[in-house]
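Going by the numbering used here, the first residue of the sequence shown is number 1489, and it counts up by one from there.
Input: a single structure, listed below in structure tokens.
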Amino acid sequence: MAIIQGLISFILHIDEHLVDIIEIFGGWSYVILFLIVFVETGVVIFPFLPGDSLLFAAGAFAAVDAFHIWLLIIVFFVAAVVGDTVNYHIGKKIGTSIPPTSWLGKVINQEKMQKAEEFFNKHGGKTIVIARFMPFIRTFAPFVAGASRMNYRYFIVYNVAGAAIWVGICTMLGYLFGNIPLIKENFSTVLLMIIFISVLPALISFIKSRFAK
């Protein structure tokens, strides 16, 4: 329970936690941010780590010179590309052989996996780009791509394009607007809105599927 509460606090008050990270780690903060994005995109059992909100908050900090904006974008971009690549190869290696009764089969929510696969089948390679903006599906999409033996050269093109668009938009939005007084004073609310907007397409898809049934 304490871990869950700590994670929720990290997500909702990520600006405060970024201050702590910068004060404690200094220049090594880039490594911490790299690892968070890499794990969120690259390790299929950690889809709940912050993604969009982290990019936005870090961009806002870059606007006040806590980070160098272009170095920050490069770090996030590399982490996102490497993360999806690792996730793809994990899916290719074990995606079709996970016993549903194993601990990994229980950790990986099969319903979310099915949603990601349906989304993938509908949109093809574009899924890798679109899924960048959708929490949970962002983590499962490359895993499903690997499990379904999607051509790697085809995958990497969408992987790089999706990472560039996702990182560029989310980080620059924080850089340009994150320190506007109204947004800065209501930062937690803004982060909640970002999370809500991110999950809205998946929520609409879920509601549609329920009505279809």
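Positions of the beta carbon are idealized from the N, C-alpha and C atoms, including for glycine.
Candidates the options: closest to residue i by CA position
i	options	result
GLY1542	GLY1530, ILE1644, LEU1560, VAL1531	This sequence places Leu at residue 1542; Gly is not what is there. Ranking the options by Cα distance to LEU1542, first place goes to LEU1560.
VAL1519	LYS1581, ALA1546, PHE1665	ALA1546
THR1573	LEU1670, ILE1625, THR1529	THR1529
ASN1639	PHE1513, VAL1570, TYR1576	TYR1576
PHE1665	PHE1544, LEU1506, ALA1554	PHE1544
ALA1649	LEU1661, VAL1570, PHE1628	VAL1570
ILE1524	GLY1662, VAL1566, VAL1617	VAL1566
ALA1554	LEU1506, TYR1642, ILE1668	LEU1506
VAL1552	MET1681, ASN1674, ILE1668, LEU1680	ILE1668
ILE1653	ILE1557, HIS1556, PHE1621	PHE1621
GLY1539	PHE1624, PRO1630, ALA1629, GLU1673	PHE1624
LYS1581	VAL1527, PHE1549, TRP1558, ARG1637	ARG1637
PHE1526	ALA1548, SER1517, ALA1568	ALA1568
TYR1642	LYS1610, LYS1614, ALA1619	LYS1614
MET1660	GLU1504, GLY1514, ALA1548	ALA1548
ASN1647	CYS1658, ARG1626, PHE1522	ARG1626
ILE1657	ILE1618, LEU1680, ASN1674, ILE1671	ILE1618
Contact check, residue i vs residue j, beta carbons under 8 Å
i	j	result
PHE1564	VAL1678	no
VAL1632	GLY1579	yes
ILE1616	ALA1629	yes
ILE1460	TYR1663	Limits of the chain in this structure are 1489 at one end and 1701 at the other, which puts residue 1460 out of reach.
DSSP state of residue i mapped onto helix, strand, coil
i	result
ILE1682	helix
ASN1647	helix
MET1622	coil
ILE1657	helix
TYR1518	helix
ARG1637	coil
GLY1666	coil
GLY1613	coil
ASP1572	helix
Ignoring anything shorter than 4 residues, give me the alpha helix (DSSP H) runs that lie fully in the segment 1528–1566, in order along the chain.
1540–1550
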